[in-house]
Every structure is written in structure tokens, then in C-alpha cells.
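Just so you know, the sequences run in chain order P and U.
Residues in the first sequence are numbered consecutively from 1, following the numbering used here.
Residues in the second sequence are numbered consecutively from 1001, following the numbering used here.
Here a beta-carbon is modelled for each residue, glycine too, at the ideal position from N, C-alpha and C.
First comes the structure, then the notes that go with it.
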Amino acid sequence: MTIYKDVLETIHMIEKENLDIRTTTMGISLLDCFGRDHKAASERVYDKITRLAEKLVETADEVGEDYGIKIVNKRISVTPIALAGANSTEEWLLYAKALDNAAKAVGVDIIGGFSALVQKGCTASDESFIEAVPYALAETDAMCSSINLGSTKSGINMDAVKRMGPLIKKTAYLTRESNSFGCAKFVAFANAVEDNPFMAGAFHGVGEAENVINVGVSGPGVVREALRGMDGASADEIAEKIKQTAFKITRAGQLVGREVSSRLGIPFGILDLSLAPTPAIGDSVAEILEAMGLERCGAHGSTAALAMLTDAVKKGGIMASGHVGGLSGAFIPVSEDNRMIAAAEEGCLTFDKLEAMTSVCSVGLDMIAIPGDTPEDTISAMIADEAAIGVINNKTTAVRVIPAYGMKAGDKVDWGGLFGSAPVMEVNRFSSSQFIQRGGRIPAPVHSFKN
Amino acid sequence: MKAIITVVGKDQVGIMYKVSGILNDKHVNIEDVTQTILQEYFTMIMVVKIDEAKAGFHEVDVALHEMAEKEGLSIHVQKEEIFDTMHKI
Chain P
1 MTIYKDVLET IHMIEKENLD IRTTTMGISL LDCFGRDHKA ASERVYDKIT RLAEKLVETA
61 DEVGEDYGIK IVNKRISVTP IALAGANSTE EWLLYAKALD NAAKAVGVDI IGGFSALVQK
121 GCTASDESFI EAVPYALAET DAMCSSINLG STKSGINMDA VKRMGPLIKK TAYLTRESNS
181 FGCAKFVAFA NAVEDNPFMA GAFHGVGEAE NVINVGVSGP GVVREALRGM DGASADEIAE
241 KIKQTAFKIT RAGQLVGREV SSRLGIPFGI LDLSLAPTPA IGDSVAEILE AMGLERCGAH
301 GSTAALAMLT DAVKKGGIMA SGHVGGLSGA FIPVSEDNRM IAAAEEGCLT FDKLEAMTSV
361 CSVGLDMIAI PGDTPEDTIS AMIADEAAIG VINNKTTAVR VIPAYGMKAG DKVDWGGLFG
421 SAPVMEVNRF SSSQFIQRGG RIPAPVHSFK N
Chain U
1001 MKAIITVVGK DQVGIMYKVS GILNDKHVNI EDVTQTILQE YFTMIMVVKI DEAKAGFHEV
1061 DVALHEMAEK EGLSIHVQKE EIFDTMHKI
């Protein structure tokens, strides 16, 4: 009879608890497209993406239907475009538009990879790329951008960090008509991973194969439900339960992901099990923390609860799939999680608490609206703090903040759809300017010298 | 290919008849059935074998769903593979 219990549990997970495959992301190498003539190169980029991803959406939908588990997003990640070696904003925009148009032509939701890897230093071409990012974000719809600014091996490139504040503020200004939405498509990373299927930070690393399918599975609702009825259980019992649940979710994702990859004839890369919330009711990471016994997400104890959650999710995932990669863990994007929005509105969840939580979640400061008049150097300093957490702790960290143009603390910004809405959060008003303006590099930490 | 069909709905005359009728039309063999009434709700789980040369998974799924909608039942058809991967190591 146990099989029948299992059957009902699976049906329940899919129907009631939002178990879904969050994304199948096709990684495409563009290294063979680049060349001196950027117009011709951008055309080759468009052609290659539309050729390889032609059947992605259709196939993913078919597989989702066959297995009764919906594949919510279909996405593409490409080789970091900064490697194209262009030298002016006009040239970079050719690539941005090629990506955006290709994404629209094949019908994917988002394309990622308008990215640069400058963890140790910037080339002349990288410098012009950073200059072009705000314009590229403003003039495209489906394209996401990211820049890796530091790594445990190389330290933090503070010259590049210094330029992030102006980049983000300019993007906020150029996209002011849409509540500075451009900033929601840009991530500043430390220790960026090359096979992450989740946006906005996905790109197809240079160490990756020609073409690969990576799968991102989610399901905070399933974990939340698994904890129902566990009142009074000890921390290790909860951790065990989360681990078992993560195992099941990952197995479902692995099955569906492998099927998509085999039907498309493209190798399966990795599976990323990340509890990624959406604004839908019951699809919240904060709610899991609350189910563990916190009155609100953000109360003291939230960091410990999140640490346990992230770790248990990783353990369950590793056991369930041969190739676990990407970010795997728990995301805490404020605007995309209705319980986090509520906690922020009630003043329980603050910017500083979020920073502490990012030291144990799988990414970083994510989808946080801050006042439109936040100084550029303050934004760069937030990024420096976050990069330091990542570099010292050997983990990926990211910053996706939106200085919403013309808004002040307490206002509410609404981007709609998956991106949700967020209260504008108060940030520290004291200046970090002199520190940021120094530039240079923060040396790699002592524990990086393992060779 | 093996699939698992779950049927839940307010108990009424002929649920089993309607479901098995459709399966018969589509040449689907019923290998195992368990059925019970939970607080007035008819609940049934079937393990079936679909002969894909005669009717594909999708076709069976659509036919059952059309009937389910008409009769006010909730029916799910899923490949057995998914339960195996999720619940067996």
C-alpha cells in the first residue's frame, strides 16, 4: 500500500503545492561567432541562437505535458558577451539587440549572458562594456546582464566595484518610466557559477561545452507543506524532513530535465535545486522560515533557520542527481516572495538583516528596492560588502538592488508578474565614498592558497 | 508504458464504469485497482498499461479529462516513472 501513499503525495505536490520545473535553460557557446567585424559577429550570434534553440520551447512544453509537471520558464544562457571584444557602446548594442531579438524569435522568456568576468581586472574592452550595460538594459526587454567582480581565488576588483554604483543608477534613470525595472535585469556577482540556470545571473561559462541543457527546480511550497504538522519537532528532525523532500523534488526535476535533453539531442548539464519563491501565495521561502517557528521572516533566528534550510536542500539535492550544480540552495528575493514583502512592510525584515541572511543563502541581496536618491558610492559599497561575504566564505553572492527613480523609503514599487512588488527599504545614510573611491583590489583571502 | 490514474470525486453511480469504459476504448489494460470512499468522496488509484501502438499517453489523458470535466471528477494520469524516481532510491 505504500505506493498509493506515494502516488497521492506526488499528485498533491504538483496540484496543491506548486511543485514545478522552474526553468530549462539552454546554454549556448558563442565563442565561434565572435570576430573583428561586430555587425557580422552579432548576426552570427542571432543565427546560432535561433538555430539551436528553435525547438526548445515546444519540446519543453511537450515534456511538461507528458509528465504532468509544468516547465514554467524556458530560457537561454550564452557565453559572456564581453568576450566579443567590442570597444564602443554602439558595438555592444549590436550584440544586446541580437540577443534580445533571438530570444523573442524562439519564444523564450529571458536570455542571459550579457556578462563580463572582471574578478581580477578589466581589459579595455571590458571598460567599454561596463559603460554600455545601462543602455543595453534600457533598449532590450528579454535580456539580462551580470558582471563578476570578485572570486575567492582572485580577491575583489574594487576598480570595477566602484563603477557599479554609477552603472546601476544610470540604468535606474534610463528605465525610470518602468519603475527602474532595468536594474532588476542586472546582477553584480562574486564567485559567479558558470552553469547557473536561474536568471538574471545565468551565463554559459567559457569552460562549458558547445551546447547544454541545465534545469532549475523549485518548490518552496512543497517544503512548507512537508513541515506542516511538525510542531514541536527538533531542529534535526526538521532538517531531515527538508532533506527528504528536496530529494523527491530533485528526482522529479532530473527525470524531466533528462527527457528534455534527450528529445533535443543536447547533453544534460546540471540540475540546480533552488527554492526560488514567486509572488504566488504558498510559494514562499519566508513562509518556510515562519513554519519553523519564527513569528516573521527577519526576526532573530532567521539566519540560523535559513542556514539549516539551505544546507538540507543541498544535501537532498546532491543525493538525488548525478550532476548538481548552479546555485542550489534557497533564494531570498524580497519582491518575489509575498511573506518577505509583508515582513519588510512591517519593519521586521531590514536591509541589514537581509545582508546577514545572504551569508547563508545560496545567492545574495536580491530584488531589493532602495531609495532613488541612494548615492552611487553607497550602492558600490553594498556590492563590496556582499562580494566580501562571498569571497571569504567560498560562496556565490550577488547584488540585485533597484534604486527606484524618484521613490523614497516606505513607497511601494510594483513591477508585476514574476518580479512582484517591493517596499522601498531604508539604507544606511552615512557615506562610504572615500573607501569606494580608493579603487584597487582587495587581495585574495589566505585560505584561497590551496595549491 | 505504465501509468497511474487517480480519480477523486463526489460518490455517484457509474464512476468506475465510465473510467473503465474509456480505458477499454483506448485499449488500456487495468493491472491493479484500489478504491475507497473517504467521507463521501470516491477515491481510486489504478495502475494501467497503455499500448502506445493503439492509443498514446496524451490521447488517453485527454479522453479521461473530457469525461472528468463533464462528471465533475478530478482525474490525474501520470507516467509510473515519475513515482518511481521520486520515491525509490
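Nearest chain U C-beta to residue i closer than 8 angstroms, yes or no?
| i | result |
| --- | --- |
| P/R251 | yes |
| P/I318 | no |
| P/Q254 | yes |
| P/V7 | yes |
| P/L11 | A small correction: the amino acid at residue 11 of chain P is Ile; Leu does not occupy that position in the sequence shown. Yes, P/I11 counts as interfacial toward chain U. |
| P/Y4 | yes |
| P/K314 | no |
| P/D66 | yes |
| P/K248 | yes |
Is DSSP giving residue i helix, strand or coil here?
| i | result |
| --- | --- |
| U/N1029 | strand |
| P/W92 | helix |
| P/S457 | Given that chain P is displayed from residue 1 to residue 451, the structure contains no residue 457 of chain P and the question cannot be resolved. |
| P/Q455 | With chain P represented from 1 up to 451, any question about residue 455 of chain P goes unanswered, as that position is not in the structure. |
| P/R441 | strand |
| P/I111 | strand |
| U/H1076 | strand |
| P/F34 | coil |
| P/L264 | helix |
| P/V118 | coil |
| P/M1 | Residue placement at P/M1 cannot be trusted, given a pLDDT of 48 that sits under 50; what the coordinates show is reported in the next sentence. Coil at P/M1, not helix or strand. |
| U/M1086 | helix |
| P/L19 | coil |
| P/G64 | helix |
| P/S380 | helix |
| P/S448 | helix |
Answer with yes or no whether the minimum CB distance from residue i to chain P is below 8 angstroms.
| i | result |
| --- | --- |
| U/M1067 | no |
| U/I1082 | yes |
| U/F1042 | no |
| U/M1086 | yes |
| U/I1004 | yes |
| U/Q1078 | yes |
| U/I1075 | no |
| U/I1037 | no |
| U/I1045 | yes |
Would you list the residues sitting across from residue i in a DSSP beta bridge?
| i | result |
| --- | --- |
| P/P423 | P/K412 |
| P/C144 | P/G112 |
| P/P403 | P/I370 |
| P/K395 | None, per the DSSP bridge assignment. |
| P/T10 | The partner list for P/T10 (beta bridge, DSSP) is empty, contrary to what the question assumes. |
| U/Q1012 | BP columns for U/Q1012 are empty, so no partner. |
| P/G27 | P/S77, P/V212 |
| P/L275 | P/A330 |
| U/I1004 | U/V1047, U/Q1078 |
| U/L1038 | U/Y1041 |
| P/I71 | P/I21 |
Using a Cβ-Cβ cut-off of 6 angstroms (strictly less than) and excluding sequence neighbours within five positions of residue i, which residues of its own chain qualify?
| i | result |
| --- | --- |
| P/I436 | K162, D377, S380, A381 |
| P/G107 | V57 |
| P/P333 | D366, M367 |
| U/F1042 | G1009, D1011, I1015 |
| P/G372 | P403, A404, Y405, G406, M407 |
| P/D414 | S421 |
| P/S321 | T250, Q254, L271 |
| P/P277 | P220, D283, S284, V285, E336, D337 |
Kindly list the residues whose CB is nearer than 8 angstroms to the CB of residue i, restricted to its own chain and excluding five residues on each side of it in sequence; keep chain order.
| i | result |
| --- | --- |
| P/M1 | At P/M1, the pLDDT of 48 sits below 50, so the modelled position is not reliable and the matter cannot be decided from this model. |
| P/A343 | A286, R296, C297, G298, L349 |
| P/L174 | P134, Y135, L137, A138, G182 |
| P/R176 | Y405, G406 |
| P/N87 | A124, S125, S128 |
| P/L31 | T79, L83, V206 |
| U/V1019 | I1005, V1007, M1044, M1046, L1064, M1067, I1075 |
Report all residues from its chain with a CB closer than 7 angstroms to the CB of residue i; omit the five preceding and five following residues, and keep chain order.
| i | result |
| --- | --- |
| P/P445 | T152, V391, I392 |
| P/A280 | N18 |
| P/T24 | A60, I71, K74, I213, V215, G257, V260 |
| P/G301 | L294 |
| P/T303 | A356, M357, V360 |
- Task: Counting only runs of 4+ residues fully inside the region 154 to 221 of chain P, write out the alpha helix (DSSP H) ranges in chain order.
- Result: 158 to 174
- Which whole runs of the alpha helix (DSSP H) in the region 301 to 371 of chain P are 4 residues long or more, in chain order? If we require 4 residues or more, the alpha helix (DSSP H) runs fully inside the region 301 to 371 of chain P come out as 302 to 320, 338 to 345, 351 to 358.
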